[in-house]
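Residue numbers (my numbering): 246 to 720.
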């Protein structure tokens with residue numbers, strides 16, 4: 246079961262990444278730079294609102310749903326979805342408050358009421374999809390979600406966006422398309438057992454949200470605070486930057502933010518499959534270390550391949566130069582660092598989840614909060630004297646999280662599967678950033694080590710699957 250889910254997720258995300266990148270460049274090329282700035286700001290607002298709008302429910306689903314029956318899961322899920330739907334009015338109020346203080350003035354946008362309605366409803370849909378995706382993970386039906394998202398959203402969206410933009414439609418139509426496609430995806434995955442959309446909507450509508458709504462709140466509010474700090478850090482810095490920057494700068498960073506917001510879930514998706522396994526195995530006091538290492542190993546190889554391809558595409562620019570004609574040259578470094586920064590979370594998710602589910606949520610909150618304040622303060626002080634690339638600040642924040650989690654919580658008796666390609670590509674990346682030049686010898690070494698790591702992974706995976714003493718619940 247785990248192998249099938251992992252294979253479907255890996256393949257669908259690999260194909261989906263190509264369509265996601267294609268879509269980004271289509272939008273970049275066909276939207277003028279001022280509308281692209283508004284597109285980036287609108288998506289950041291949706292990202293922040295939807296993260297907060299999940300309340301504490303995602304954390305509850307991740308930890309407790311894997312141990313519940315199907316009926317009990319549905320009982321809580323419908324209650325949760327009804328509750329977050331009521332937050333639409335709060336998001337509209339916040340948007341009108343931002344308009345009142347002049348936040349949107351520089352974009353010279355018309356029909357702001359329509360924009361706010363789209364953002365508010367898209368926020369609800371994104372929050373709901375996140376809850377349902379975790380619910381399907383607990384049910385071990387992630388293939389349904391992955392394939393539907395690939396076909397109904399990532400592939401179809403590219404076609405619709407191209408038709409809209411090539412015919413001169415504005416950013417509002419792109420946001421409306423996102424809303425319709427994501428809403429359709431939500432209904433499709435909610436109806437995974439063919440119980441009927443009418444039955445599901447009726448069950449949600451008649452759910453009593455006054456009772457048993459915030460179970461285990463002492464845990465979920467802390468875990469929710471951790472998640473909110475993690476996923477909103479970059480978008481908060483970006484929104485602060487937009488207050489004092491011109492539209493060209495905002496557009497440059499909008500592309501970086503969109504890359505990270507889209508690629509980070511893709512890089513982390515394989516690690517995310519471990520959530521129900523970790524939850525159940527902690528309850529049964531089973532060990533997860535070998536499974537962690539296997540996933541960590543393939544994540545490092547994947548990151549190595551993506552980063553080295555990105556370095557050459559960005560250096561030669563033959564595939565992307567035409568799409569970025571309205572941007573200045575700084576956008577190329579923003580793209581490369583954004584791709585690297587989006588991958589860091591995937592490296593520490595297994596250790597993070599294990600630590601969280603073992604009732605160490607208060608320790609994790611202190612660490613994340615310290616990193617958040619320290620990174621934000623460092624950015625504010627340095628920005629006073631220099632112009633700082635906010636993607637570097639986010640990368641620093643993520644590396645700090647990874648380092649502390651690894652030092653404090655990783656089992657020191659456990660031996661990591663060392664990925665030499667990961668370290669060699671990292672060294673090559675530093676060499677490229679500092680010298681602005683590529684090196685053929687460095688490339689050949691990295692490619693050789695990637696092939697060696699892939700061969701090693703094949704053997705390690707076979708040994709893991711065939712082992713008779715596996716104590717992991719992978720079914």
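Yeah, the Cβ is synthetic: ideal placement off N, Cα and C, and Gly gets one too.
Would you identify the three-state DSSP class for residue i, choosing helix, strand or coil?
i, result
"residue 652", "helix"
"residue 688", "helix"
"residue 661", "Reliability of the predicted coordinates at residue 661 is poor, the pLDDT of 47 falling under 50, and the value obtained from them is presented with this limitation in mind. In this structure, residue 661 counts as coil in the three-state DSSP scheme."
"residue 609", "helix"
"residue 628", "helix"
"residue 304", "helix"
"residue 547", "helix"
"residue 346", "coil"
"residue 633", "coil"
"residue 681", "coil"
"residue 354", "coil"
"residue 458", "coil"
"residue 499", "helix"
Starting from residue i and walking both ways along the alpha helix (DSSP H), at which residues does that stretch end?
i, result
"residue 295", "278-298"
"residue 473", "462-489"
"residue 422", "416-435"
"residue 364", "357-384"
"residue 586", "575-586"
"residue 593", "590-602"
"residue 447", "442-450"
"residue 327", "315-330"
"residue 391", "387-393"
"residue 402", "401-411"
Are the CB atoms of residue j and residue i within a distance shorter than 8 Å?
i, j, result
"residue 471", "residue 613", "yes"
"residue 505", "residue 486", "no"
"residue 546", "residue 664", "yes"
"residue 287", "residue 335", "no"
"residue 366", "residue 424", "yes"
"residue 568", "residue 341", "no"
"residue 374", "residue 431", "yes"
"residue 448", "residue 323", "yes"
"residue 638", "residue 584", "no"
"residue 293", "residue 477", "yes"
"residue 549", "residue 682", "no"
In angstroms, rounded to a whole number, what distance separates the CA positions of residue i and residue j?
i, j, result
"residue 553", "residue 577", "15 Å"
"residue 350", "residue 282", "13 Å"
"residue 379", "residue 647", "23 Å"
"residue 620", "residue 586", "15 Å"
"residue 306", "residue 376", "8 Å"
"residue 205", "residue 555", "Summary: the structure shown does not reach residue 205, with the chain confined to residues 246 through 720, and so no result is reported for it."
"residue 597", "residue 355", "44 Å"
"residue 329", "residue 300", "8 Å"
"residue 392", "residue 539", "24 Å"
"residue 408", "residue 420", "14 Å"
"residue 272", "residue 603", "43 Å"
"residue 581", "residue 358", "36 Å"
"residue 253", "residue 699", "19 Å"
"residue 622", "residue 412", "45 Å"
"residue 203", "residue 634", "Nothing about residue 203 can be reported from this structure: the residues present for the chain run from 246 to 720 only."
"residue 463", "residue 311", "19 Å"
"residue 315", "residue 459", "19 Å"
"residue 261", "residue 398", "9 Å"
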